[in-house]
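Only one structure is covered here, and it is reproduced in the block below.
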Amino acid sequence: MSFRSHFTREKGKEYRRVWKEQGFKGLIKKYGWKIVVAVFFYYLIRDSILYILIPYLIAKGVLG
Numbered sequence: 002m003s004f005r006s007h008f009t010r011e012k013g014k015e016y017r018r019v020w021k022e023q024g025f026k027g028l029i030k031k032y033g034w035k036i037v038v039a040v041f042f043y044y045l046i047r048d049s050i051l052y053i054l055i056p057y058l059i060a061k062g063v064l065g
């Protein structure tokens with residue numbers, strides 16, 4: 002199984018359904034800590050780009 006097969010639109014809907022019905026503990030019980038770590042790293046990378054890298058490049062004059 003590839004990394005992308007875990008994060009399709011249908012899987013996302015399934016993850017949200019489990020979250021709404023069973024909460025955080027149910028999500029961990031059903032899918033394990035891998036999904037939590039993946040979401041954490043997604044937001045870490047996204048926010049680093051938005052709030053650190055882009056303002057830095059603008060300040061250096063690369064983007065602006």
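Numbering of the sequence shown is given in this note's numbering, commencing with residue 2 and proceeding in unit increments. C-beta: ideal position from N, C-alpha, C; glycine also.
Starting from residue i and walking both ways along the alpha helix (DSSP H), at which residues does that stretch end?
i: Tyr16; result: Arg10 to Tyr32
i: Tyr57; result: Ile55 to Lys61
In or out: residue i buried (at least 16 other Cβ within 10 Å) or exposed?
i: Leu45; result: exposed
i: Ile28; result: Note on identity: in this sequence residue 28 is Leu, with Ile being the wrong assignment. Per the 10 Å Cβ criterion, buried.
Taking 7 Å as the threshold (beta carbon to beta carbon), is residue i in contact with chain B?
i: Ile55; result: Considering every chain present, this structure includes no chain B. It has just one protein chain.
To the nearest angstrom, how far is the alpha carbon of residue i from that of residue j?
i: Tyr43; j: Ser49; result: 10 Å
i: Phe25; j: Leu58; result: 37 Å
i: Gly33; j: Val63; result: 42 Å
i: Ala60; j: Glu11; result: 40 Å
Can you list, in chain order, the residues of its chain with a C-beta nearer than 8 Å to that of residue i? Leave out the 5 residues immediately preceding and following it.
i: Tyr16; result: Leu28, Tyr32 and Ile36
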